[in-house]
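Numbering (numbering that gives the first Met the number 0), first residue to last: 0 to 289.
Even glycine gets a Cβ: it sits at the ideal position worked out from N, Cα and C.
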Amino acid sequence: MAEITAGMVKELREKTDAPMMDCKKALSEAGGDMQKAEEILRVRFGNRAAKSASRVAAEGVVTIAISADGKSAAMVEVNCETDFVAKNDDFLALSNALAEMVLNQNPADVAALSALPYKGATVEAVRTELVGKIGENMSVRRFLRLDGQGKFASYIHGGKIGVLVDVSGDEALARDIAMHIAAAKPKSLDASGVPQALIDTERRVAIEKAKEAGKPEAMLEKIADGTVQKYLKEVTLLSQPFVKDDKQSVEQVLKSKNSQCHGFVMYVVGEGIEKKVSDFAAEVAAAAQV
């Protein structure tokens, strides 16, 4: 059996918010497999053990640029070390300029973007100078450029969540839908866009919870089907209750306005990045319970 270390227990605790000893037990049952241990805890504690996706570790901003005709758009995430620098005027000016460059020059990747001319030098040279001036590292993490079927609307929440949505029809509604996406964080436009791995996980968890509840074997698949359908309704944009009128789904609101949503993208600053934080007391406490 794989050794269950204090660090593993601490990591699972941070991901799930489950009690420390339950994390240790789940890791033991899973043979040290972190993903399997998360599933075990979800069976025991429900969605309380699924909060890891909402953890944002890095600082920075998301910036957006949209063409004058609304047919093309770009979004960029630029990271830094502290929220203080994320509000720095020079940092923000560079970040906004990068979005315009991506929109107008369509670089192939971050290296190509960094080599573009900017302020008499290159983006990389200006970034390096700014790092020296501010005394904090910063980097261009990712960007995208899109051509739409309709027109793009955007919404940025606090500089940390950026949304682009491609809608044909009501332009005011398009912005409201962008705000909805930032609040509700759907995973895809409809069920066809939800990764099969996520659906399989929901099915497994539902079956295990039903077994623990003593449900008959013959009912397990039916229960799992119902759970998966409920999950898909919660995580797909068109099926979600509209934030400004929860008696209607987003799809119903679009139809009422003779509009259609073709797709969306969302960036959350630092999503998937873990910031290392030194907490000696917490490490000792975790080690003492393993």
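Checklist entry - From A120 to Q195, what does the alpha carbon distance come to, in whole angstroms? => result 46 Å
Checklist entry - Is it a yes or a no for the region 65-76 touching the region 148-161, going by three-plus beta-carbon pairs under 8 Å? => result yes
Checklist entry - If you compare alpha carbons, which of E38, G213 and V166 is closest to K254? => result V166
Item to check | Of the listed residues V109, M137 and I206, nearest to T226 (C-alpha basis) | outcome: I206
Checklist entry - Are the CB atoms of V264 and L231 nearer to each other than 8 Å? => result no
Checklist entry - Residue ranges of each alpha helix (DSSP H) run of no fewer than 4 residues wholly in the region 210-261, ordered along the chain? => result 219-234 and 249-255
Item to check | Length-filtered (3 minimum) beta strand (DSSP E) runs lying within the region 121-200 | outcome: 137-146, 150-156 and 160-167
Checklist entry - Could you give the residue range of the beta strand (DSSP E) that holds N105? => result Careful: N105 lies outside any beta strand (DSSP E) and carries neither H nor E.
Next on the checklist: Helix, strand or coil for E58? Go by DSSP, reduced to three states.
Outcome noted: E58 carries a strand assignment under DSSP once its states are collapsed to helix, strand and coil.
Checklist entry - Taking just the CA atoms, how far does I222 sit from P215? => result Going by the C-alpha atoms only, they are around 10 Å apart.
Item to check | Proximity winner among N257, R144 and H179, relative to D244 (alpha-carbon distances) | outcome: H179
Item to check | Close Cβ partners of A98 (< 8 Å) along its chain, the five nearest in sequence each way excluded | outcome: Counting only Cβ-Cβ distances below 8 Å, and skipping sequence neighbours, we find T62, I63, A64, A73, M74, V75 and F142.
Checklist entry - V268: which of G6, A57, L115 and E220 sits nearest, CA to CA? => result When each option's Cα is compared against that of V268, the closest is A57.
Next on the checklist: Can you check which of these residues, P18, K186, I198 and T81, is closest to L40 by C-alpha distance?
Outcome noted: P18
Item to check | Nearest residue (CA-CA) to S138, options N257, A181 and A124 | outcome: Measuring from the Cα of S138, the nearest candidate turns out to be A124.
Item to check | Burial state of A48 (16 or more Cβ within 10 Å) | outcome: Only weak support exists for where A48 lies, its pLDDT of 46 falling under 50; the value from the coordinates is given anyway. Answer is buried; the Cβ neighbour count reaches 16.
Item to check | Classification of N291 by the beta-carbon crowding that lies within 10 angstroms, buried from 16 upward | outcome: One cannot answer for residue 291 here, as it falls past the ends of the chain, which runs 0 to 289.
Checklist entry - Leaving out five residues before and five after N373 in sequence, what residues of the same chain have Cβ atoms less than 6 Å from its Cβ? => result Nothing about residue 373 can be read from this structure; the chain reaches only from 0 to 289.
Next on the checklist: Assuming the contact rule is C-beta atoms closer than 8 Å, L188 and L237 should be a hit. Round their C-beta distance to whole Å, please.
Outcome noted: 6 Å
Item to check | DSSP state of S71 mapped onto helix, strand, coil | outcome: strand
Item to check | Distance between M100 and K118 (C-alpha atoms, nearest Å) | outcome: 12 Å
Item to check | Boundaries of the alpha helix (DSSP H) in which G6 is found, first to last residue | outcome: A5 to T15
Checklist entry - For T4 versus E37, is the C-beta distance shorter than 8 Å? => result In this structure, the beta-carbon distance from T4 to E37 does not fall below 8 Å.
Checklist entry - Can you list, in chain order, the residues of its chain whose CB lies under 8 Å from that of T200, leaving out five sequence neighbours each side? => result Listed in chain order, the non-local C-beta contacts of T200 below 8 Å within the same chain comprise E38, local neighbours out to five positions each way being set aside.
Checklist entry - Using a Cβ-Cβ cut-off of 6 Å (strictly less than) and excluding sequence neighbours within five positions of I160, which residues of its own chain qualify? => result A181 and V267
Checklist entry - Which residues in the same chain as S53 place their Cβ atom closer than 7 Å to its Cβ, once the five residues preceding and following it in sequence are excluded? => result Bear in mind that the predicted position of S53 carries a pLDDT of just 42, short of 50, making it too unreliable to give a figure here.
Checklist entry - Going by C-alpha distance, which of V109, T235, G30 and R203 is nearest E220? => result Of the residues V109, T235, G30 and R203, the one whose Cα lies closest to the Cα of E220 is R203.
Checklist entry - What's the C-alpha gap between V249 and Y154? => result 17 Å
Item to check | Short Cβ contact (8 Å threshold) for V234 with K186 | outcome: yes
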